[in-house]
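>
Number of protein chains: 4
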Amino acid sequence: MAFPVRTCALVGRFADPRIAETVGALLPHLHGRGVTVLVADDAALPLGAAVTRTPEAQFGARADLVIAVGGDGTLLHAARLVARHGVPLLGVNRGRVGFLTDVLPQDMLPSVDAALTGELTVDERPLLSARLVNAKGAVAEALALNDVVMQKHDSGRTLDFETRVDGRFVNFHGGDGIIIASATGSTAYALSCGGPIIEPHLPVLVLAPICAHTLSNRPIVVSSASLIEVALQERSDTQAHVSCDGVVLGEFAPHDRLEVRTAKECVTLLHPPGHDYYKLLRSKLHWGRGALER
Amino acid sequence: MAFPVRTCALVGRFADPRIAETVGALLPHLHGRGVTVLVADDAALPLGAAVTRTPEAQFGARADLVIAVGGDGTLLHAARLVARHGVPLLGVNRGRVGFLTDVLPQDMLPSVDAALTGELTVDERPLLSARLVNAKGAVAEALALNDVVMQKHDSGRTLDFETRVDGRFVNFHGGDGIIIASATGSTAYALSCGGPIIEPHLPVLVLAPICAHTLSNRPIVVSSASLIEVALQERSDTQAHVSCDGVVLGEFAPHDRLEVRTAKECVTLLHPPGHDYYKLLRSKLHWGRGALER
Amino acid sequence: MAFPVRTCALVGRFADPRIAETVGALLPHLHGRGVTVLVADDAALPLGAAVTRTPEAQFGARADLVIAVGGDGTLLHAARLVARHGVPLLGVNRGRVGFLTDVLPQDMLPSVDAALTGELTVDERPLLSARLVNAKGAVAEALALNDVVMQKHDSGRTLDFETRVDGRFVNFHGGDGIIIASATGSTAYALSCGGPIIEPHLPVLVLAPICAHTLSNRPIVVSSASLIEVALQERSDTQAHVSCDGVVLGEFAPHDRLEVRTAKECVTLLHPPGHDYYKLLRSKLHWGRGALER
Amino acid sequence: MAFPVRTCALVGRFADPRIAETVGALLPHLHGRGVTVLVADDAALPLGAAVTRTPEAQFGARADLVIAVGGDGTLLHAARLVARHGVPLLGVNRGRVGFLTDVLPQDMLPSVDAALTGELTVDERPLLSARLVNAKGAVAEALALNDVVMQKHDSGRTLDFETRVDGRFVNFHGGDGIIIASATGSTAYALSCGGPIIEPHLPVLVLAPICAHTLSNRPIVVSSASLIEVALQERSDTQAHVSCDGVVLGEFAPHDRLEVRTAKECVTLLHPPGHDYYKLLRSKLHWGRGALER
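Residue numbers (numbering that gives the first Met the number 0), protein chains in the order written: chain A, 0 to 293; chain X, 0 to 293; chain W, 0 to 293; chain D, 0 to 293.
1) Which chain X residues are close to ARG217/D, counting only those with a beta carbon under 9 Å from its beta carbon?
2) Among ALA211/A, LEU190/A, SER181/A, VAL266/A, which residue has its Cα nearest to the Cα of LEU226/A?
3) Where are the alpha helix (DSSP H) runs, 4 residues long or more, that stay fully inside the stretch 96-160 of chain D, in chain order?
4) Would you check if there are 3 or more beta carbon pairs closer than 8 Å linking the stretch 170-189 of chain D to the stretch 124-135 of chain D?
5) Quick check: is the beta carbon of CYS7/D nearer than 7 Å to any beta carbon in chain W?
6) Is any beta-carbon of chain A found at less than 7 Å from that of ASP153/X?
7) Is SER128/D close to chain W? Criterion is C-beta to C-beta, closer than 7 Å.
8) Once DSSP output is grouped into helix, strand and coil, what is the label at ARG79/W?
9) Bridge partners of GLY273/D, per DSSP?
10) Find out if the Cβ-Cβ distance for the pair LEU25/D, LEU119/D is shorter than 7 Å.
11) Does the distance from the CB of LYS151/A to the CB of ALA239/A come in under 7 Å?
12) For chain D, is any of its Cβ atoms less than 7 Å away from the one on VAL10/A?
13) For ALA113/X, which residues from the same chain have a beta carbon less than 6 Å from its beta carbon, with the 5 sequence-adjacent residues on both sides left out?
14) Give the single residue among PRO218/D, LEU214/D, GLY194/D whose Cα lies nearest to the Cα of ARG217/X.
15) Going by DSSP, what residues sit across from GLY249/A in a beta bridge?
16) Do we get a CB-CB distance below 7 Å when we pair ARG293/W with the residues of chain D?
17) Around the Cβ of GLU198/W, are there at least 16 other Cβ atoms within 10 angstroms (buried) or fewer (exposed)?
18) My output table needs one value for ALA56/A: the three-state DSSP class, helix, strand or coil.
19) Using the Cα positions of PHE13/D and VAL22/D, report the straight-line distance between them to the nearest angstrom.
20) For a quick check, are the C-beta atoms of ALA67/X and GLY90/X less than 7 Å apart?
21) Hey, could you find the ends of the alpha helix (DSSP H) THR21/W is sitting in?
22) Using DSSP with H/G/I as helix, E/B as strand and the rest coil, what is LEU190/D?
23) DSSP three-state label for LEU64/X, please.
24) Which residues in chain A sit within 8 Å of TYR277/D, going by Cβ to Cβ distance?
25) Grab the span of the beta strand (DSSP E) containing VAL169/A for me, first residue to last.
26) Examine chain W for any beta-carbon lying closer than 7 Å to the beta-carbon of SER282/D, and answer yes or no.
27) Is it buried or exposed for GLY287/D, if we count other Cβ within 10 angstroms and need 16 for buried?
28) Can you tell me where the beta strand (DSSP E) holding THR183/D begins and where it ends?
29) Grab the span of the beta strand (DSSP E) containing ALA230/D for me, first residue to last.
30) Cα separation between VAL138/X and LEU280/X?
31) If I measure Cβ to Cβ from LEU257/A and keep anything under 6 Å in the same chain, skipping five residues before and after, which residues do I get?
32) For the candidate residues GLY184/A, THR183/A, ASP159/A, ALA60/A, whose alpha-carbon lies nearest to that of GLY173/A?
33) Apart from the five residues on each side of it in sequence, which residues of its chain come closer than 6 Å, Cβ to Cβ, to ASP165/A?
34) Check the C-beta distance from GLY184/X over to ASN145/X and give it rounded, since I have them as a contact under 8 Å.
35) Would you mind giving the Cβ-Cβ distance between ILE196/X and VAL220/W, rounded to the nearest angstrom? I have them listed as a contact below 8 Å.
36) Among the candidates LYS283/A, LEU284/A, VAL4/A, whose CA atom is the shortest distance from the CA of LEU115/A?
Structural data, given as structure tokens:
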């Protein structure tokens with residue numbers, strides 16, 4: 000990371016009025032600090048905005064900091080843009096904290112100032128690397144912060160597939176698919192599929208089947224040093240694809256192979272002082288005293 | 000039902016060698032009983048087979064009995080063909096009983112004889128009626144024995160939708176979709192999504208969310224006399240469809256409305272003597288003494 | 000029910016300051032309406048309070064109305080007192096609605112007035128009847144509004160037991176016990192054990208295993224006209240008991256038999272205008288739009 | 000470990016005829032190998048059996064090897080006896096493998112021979128250390144291989160309690176209790192409470208609430224280097240105790256504190272060649288191809 004920050008990229012759905020309002024307060028503040036602000040070529044910002052329009056693909060090379068304004072989905076998008084460049088990310092949410100975007104609008108300006116001068120807590124989160132190899136040897140690859148998902152699509156028919164961990168056969172599965180989530184992603188899609196909450200810095204992954212036929216087919220926690228492999232069984236009506244953090248990587252056919260491992264790259268999240276993972280959980284999951292009174 | 004049975008339709012994936020073997024034993028037996036056998040126009044049967052090739056759509060009008068050879072999916076297909084005609088169904092499975100196909104190959108011939116003479120247990124199962132109304136008023140309709148499912152497809156993005164029961168607002172949901180299952184269908188897809196097992200003759204339905212964001216968004220059991228309505232929230236990236244027993248009925252867009260109610264029609268299943276729902280459950284779900292030893 | 004109400008019993012943990020405050024507002028109001036107020040002999044109320052101290056066991060015979068002030072546990076206690084007498088119950092909660100106590104303190108006085116003159120919505124809820132028969136023929140019996148529970152106690156060892164529905168064998172279970180819940184009780188203990196939400200007027204019960212060894216041992220919805228039987232397997236270290244709405248009915252040993260069926264008696268709940276079951280669910284289970292933003 | 004083994008302790012419920020039969024084959028075999036066999040003082044063995052009766056408490060100091068014959072419960076008992084002495088354990092099951100007792104009777108004699116000469120696979124499993132501190136400072140301590148459980152007993156009333164990880168507040172819980180399981184214990188009680196399967200050598204623990212009121216109160220995976228603390232909220236009707244691997248350690252009252260951490264000691268399991276954790280899972284959890292045909 001380079002401090003003080005001279006160039007900052009802004010990521011968000013600026014057409015959303017709530018986001019626009021937040022950005023409207025943020026831009027003059029950054030300007031006043033002498034920071035150059037990059038936004039995407041096609042960003043829905045007013046014409047006169049004091050920003051430099053740049054292809055998103057260059058954010059990684061040019062920005063010292065990325066500020067994602069919106070929900071966790073926006074931060075995941077920003078993370079993909081800069082994952083290979085080590086640019087730190089600050090996530091500002093729209094009224095409620097997210098698992099990844101934990102700065103509230105009212106705390107934004109002091110948090111941004113602290114980010115500009117390198118005073119925020121640095122939180123390195125490992126990425127997953129997905130590799131989709133088809134029968135002809137062609138390869139598609141992508142990184143994911145939360146999860147790599149192999150899932151049925153289009154048809155209503157379920158999938159038959161098998162999983163391996165470090166070459167060892169784990170199981171034949173029948174169901175809608177499987178999630179391979181990082182510890183960070185354990186509170187995203189995997190949680191909806193019965194997976195556990197995993198403290199984000201533990202060296203583990205979780206394999207969570209999606210709507211498994213076999214009810215004992217429970218989520219499995221494995222080492223983050225493991226190679227996970229998924230292959231489809233041959234069936235005439237199979238339609239599946241692989242997605243990384245919700246973005247489709249490609250079709251997945253019988254005889255294709257999906258490989259997932261921990262990437263060498265990390266994402267660097269910045270947190271305001273007092274960041275507390277369990278406080279975040281309590282807020283996001285509606286835990287607390289009130290809930291006890293049944 | 001007309002007895003004795005003079006015309007019997009056979010349904011199955013005859014290209015599967017295990018199915019073909021079963022059918023190979025069944026055809027001469029039916030022939031010997033003087034029964035005319037209907038199969039689909041394009042059925043993968045040997046040329047010389049003593050069968051009458053007929054469009055499947057005519058099975059309902061022409062057959063006195065349908066024998067489905069295969070898994071529960073095959074019986075669901077057969078049920079759709081004859082649902083509006085009240086033709087009884089006998090399901091022969093391929094080695095393991097299914098929830099709907101509970102005659103084993105070795106018991107097939109005596110069961111068929113009993114079916115021909117009307118001696119089997121008759122089991123009427125109500126159907127669900129799905130009605131998909133789009134913003135322009137166009138309507139698609141279908142029946143389902145197990146379930147009507149509204150579900151995301153293609154993209155990895157989840158859906159925001161709302162449900163109503165008899166006009167009363169139930170919930171805003173975020174997740175992959177929702178299953179409206181009959182009591183019969185409670186042991187199919189809904190079970191994989193955390194739904195309960197429901198005795199098949201109870202006058203109830205179950206609404207089971209698929210991979211709900213909110214963990215307290217549990218399956219709800221409602222009256223089978225209720226009208227269930229589902230509507231999507233507007234979101235730019237929404238891609239959803241509705242399927243009935245796994246067959247896609249149509250795309251489902253914001254401003255469309257899905258209505259599900261119990262149909263007037265029933266499906267008539269025939270069971271061999273000694274049919275026992277709980278025995279079937281124990282077998283299908285691997286319950287039993289052995290499982291206790293942990 | 001007798002209207003206008005002349006005698007009203009008050010039930011609650013009056014030693015709790017929040018309850019005492021509510022009762023402090025309620026007593027003069029009832030007095031002003033000319034209503035005689037019964038409280039338990041040992042009620043923790045100030046000496047000068049204008050109440051008639053009466054054994055709780057006489058509330059059923061003497062009161063025209065019971066007001067339960069507190070949580071659902073308080074209303075369950077009140078329901079046991081009057082179940083055999085058909086006295087209606089009004090439940091006032093302490094700041095948050097409960098499933099059974101749905102009048103908030105701020106709405107209490109108008110709701111009480113409406114209850115006194117018979118203007119509230121009447122909601123009849125069937126009770127469960129539990130019968131515990133030991134090997135020597137001795138019998139213990141009780142009613143329950145929410146659930147009858149057979150559960151291990153004391154030792155850490157799990158139980159082996161079997162269940163029957165209308166004499167048909169259902170399953171051998173291994174685990175911590177089983178809940179037989181009414182539709183009303185589906186949102187109480189059974190929900191914590193993976194059971195479904197059941198609309199309270201449906202003619203069904205749910206059998207929900209507690210921490211079952213076998214993961215496919217899912218909750219089962221059966222007819223409320225059914226007789227449910229539970230028996231323990233012989234094991235040297237078995238320690239189990241049966242409770243009704245959380246109150247222990249008795250020890251449960253191998254060779255004992257628990258029978259649960261729907262009772263002839265109902266509990267009559269009174270609801271304020273606008274009572275909406277789904278609104279209650281949304282509030283209690285933290286459903287809603289906000290929950291969608293992940 | 001000392002090889003060759005000269006003294007071997009046998010642990011099991013010898014009164015069970017299936018266990019007695021296995022032991023009947025084992026004793027002469029060990030005798031023939033010149034091994035002294037220790038059994039408990041009160042072991043239910045025939046009078047003439049060629050064994051040395053010894054208090055179980057001395058097994059740890061005197062035996063070079065312990066053979067547990069029975070289920071996983073028997074091996075857990077044996078593990079407690081020798082945990083502080085590093086004596087290796089071989090588990091022989093009675094017909095079906097357990098998670099810990101993975102030698103089948105028919106493979107017993109060659110496995111025992113291999114154990115005697117140190118040829119089996121050595122599998123070190125960390126233990127949990129539980130420390131129960133009451134308000135007066137008195138302390139009870141025990142080790143556990145699978146889990147430490149704090150749980151209600153006797154009454155039907157649930158518990159209100161709070162948890163901390165390394166001093167950080169995690170949550171207020173309402174429910175039946177909580178399981179702190181090792182990775183090894185993830186497939187025992189914690190699995191019945193919705194916990195994940197965890198590969199046994201990962202440096203993590205799982206905190207699994209038992210029948211939590213709040214449905215989003217999901218199992219949490221934390222570092223095995225963490226200190227877990229549990230404390231009860233004050234409530235008049237609280238009755239709780241703590242157990243280690245199913246053996247009660249003591250009562251647990253408000254103002255008491257339960258501390259759980261990874262112990263310095265390990266248990267040494269011996270496995271036959273070809274031991275495969277995932278094969279064990281597939282067998283124990285009824286996974287597999289057959290299960291797919293729904």
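Glycine is no exception: its CB is placed at the ideal position from the N, C-alpha and C atoms.
Since we're looking at a predicted model, the values are computed, not measured.
From the atom records:
1) The answer, in chain order, is LEU214.
2) Among ALA211/A, LEU190/A, SER181/A, VAL266/A, the Cα nearest to that of LEU226/A is on SER181/A.
3) If we require 4 residues or more, the alpha helix (DSSP H) runs fully inside the stretch 96-160 of chain D come out as 107-115.
4) These segments touch.
5) Output row for CYS7/D: interface = no.
6) Output row for ASP153/X: interface = yes.
7) So, not an interface residue.
8) ARG79/W: helix per DSSP, three-state reduction.
9) Under DSSP, no beta-bridge partner is assigned to GLY273/D.
10) No, they are not a contact pair.
11) Cβ atoms of LYS151/A and ALA239/A: closer than 7 Å.
12) For VAL10/A, no CB of chain D lies under 7 Å from its own CB, so it is not counted at the interface with that chain.
13) Within the same chain, ALA113/X has close Cβ partners LEU119.
14) Answer by Cα proximity: LEU214/D.
15) Partner(s): VAL241/A.
16) Interpretation of ARG293/W is limited by its pLDDT of 39, a score under 50 that renders its predicted location unreliable; the figure taken from the coordinates is listed afterwards. No, no contact with chain D.
17) Under this definition GLU198/W is a buried residue.
18) Helix.
19) Here the C-alpha atom of PHE13/D lies approximately 8 Å from the C-alpha atom of VAL22/D.
20) Result yes, Cβ atoms of ALA67/X and GLY90/X sit closer than 7 Å.
21) Unbroken alpha helix (DSSP H) run through THR21/W: 16-31.
22) If DSSP states are grouped into helix, strand and coil, LEU190/D belongs with the helices.
23) If DSSP states are grouped into helix, strand and coil, LEU64/X belongs with the strands.
24) Near TYR277/D (Cβ distances below 8 Å), the residues of chain A are VAL164, ARG167, PHE168, VAL169, ASN170.
25) For VAL169/A, the enclosing beta strand (DSSP E) covers residues 167-174.
26) False, the Cβ-Cβ gap to chain W never drops below 7 Å.
27) The residue in question, GLY287/D, is exposed, as its Cβ has fewer than 16 Cβ neighbours within 10 Å.
28) It is not in any beta strand (DSSP E) - THR183/D carries neither H nor E in the DSSP assignment.
29) Bounds of the beta strand (DSSP E) holding ALA230/D are 227-231.
30) The C-alpha of VAL138/X lies about 37 Å from the C-alpha of LEU280/X.
31) The answer, listed in chain order, is LEU131, MET149, VAL229, VAL241.
32) Minimum Cα distance to GLY173/A is reached at ASP159/A.
33) Shown here for ASP165/A: same chain residues with a beta carbon closer than 6 Å to its own, the five before and five after excluded, namely SER225, LEU226 in chain order.
34) With 8 Å as the limit, GLY184/X and ASN145/X qualify as a contact, their Cβ atoms being about 3 Å apart.
35) Contact between ILE196/X and VAL220/W holds: their C-beta atoms lie close to 7 Å from each other, under 8 Å.
36) By alpha-carbon distance to LEU115/A, the top candidate from LYS283/A, LEU284/A, VAL4/A is VAL4/A.
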